[in-house]
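Below: the structure, in structure tokens.
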Amino acid sequence: MMAAGKKVAPLGNYPAVKIFGNLIFVSGISARLPDNSIAGVEQIDGQIKTDAAIQTKVVLDKLDALLQEYGSGFDKCLDVTAFLTDMADFPAFNRIYAEHFQIETGPARTTIAVQALPKPGMVVELKVIAARP
């Protein structure tokens with residue numbers, strides 16, 4: 002879905018990643034693509050249709066690439082805050098999330114319902130703290 006090496010710039014005046022000691026703080030990461038479109042969004046009869054599973058997969062793929070860039074990985078994630086615009090998407094989000102993290106070894110996690118995310122069609126965003134060697 003996302004071309005290798007293509008990064009999406011933050012929407013505001015903040016870094017995508019902040020390093021402090023051996024910790025990696027990842028700013029909110031979404032399914033926004035380099036062309037500014039949102040993965041998992043379709044226009045059908047003038048209505049926006051979103052797919053939380055697709056967005057979750059794209060977010061996790063982007064997170065994986067970013068963590069690897071800093072010598073880390075999913076196994077080094079310590080804390081995840083998930084933002085969903087609709088808790089009806091929780092089962093789809095949770096199913097894809099569970100493909101990447103195990104209950105015994107995964108990070109602590111909080112899932113929060115929010116009224117909206119920065120771009121129309123965004124339904125999933127993650128904020129992550131991970132360790133690095």
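FYI, my numbering numbers position 59 of the sequence shown as 60, with every residue one higher than the one before it.
Every residue gets a Cβ at the ideal spot worked out from N, C-alpha and C, and that includes glycine.
Around the C-beta of M88, fewer than 16 other C-beta atoms lie within 10 Å, and the residue is accordingly described as exposed.
For the 9 angstroms CB-CB criterion, I113 and T82 form a contact. One alpha carbon belongs to R133, the other to P108, and they sit about 14 angstroms apart. The C-beta of D36 has fewer than 16 other C-beta atoms within 10 Å across all chains shown, which makes the residue exposed. A buried status is given to G41, since no fewer than 16 other beta-carbon atoms sit within 10 Å of its beta-carbon. Boundaries of the alpha helix (DSSP H) harbouring R96: F91 to A99, taken from the DSSP string. Here DSSP, grouped into helix, strand and coil, assigns V27 to strand. The straight-line gap separating the alpha-carbon atoms of Y15 and G22 is approximately 19 angstroms.
Straight-line measurement puts the Cα of I30 at about 6 angstroms from the Cα of K128. DSSP places L85 inside the beta strand (DSSP E), whose first and last residues are C78 to L85. If you check the CB distance, F75 and F94 do not come in under 9 angstroms.
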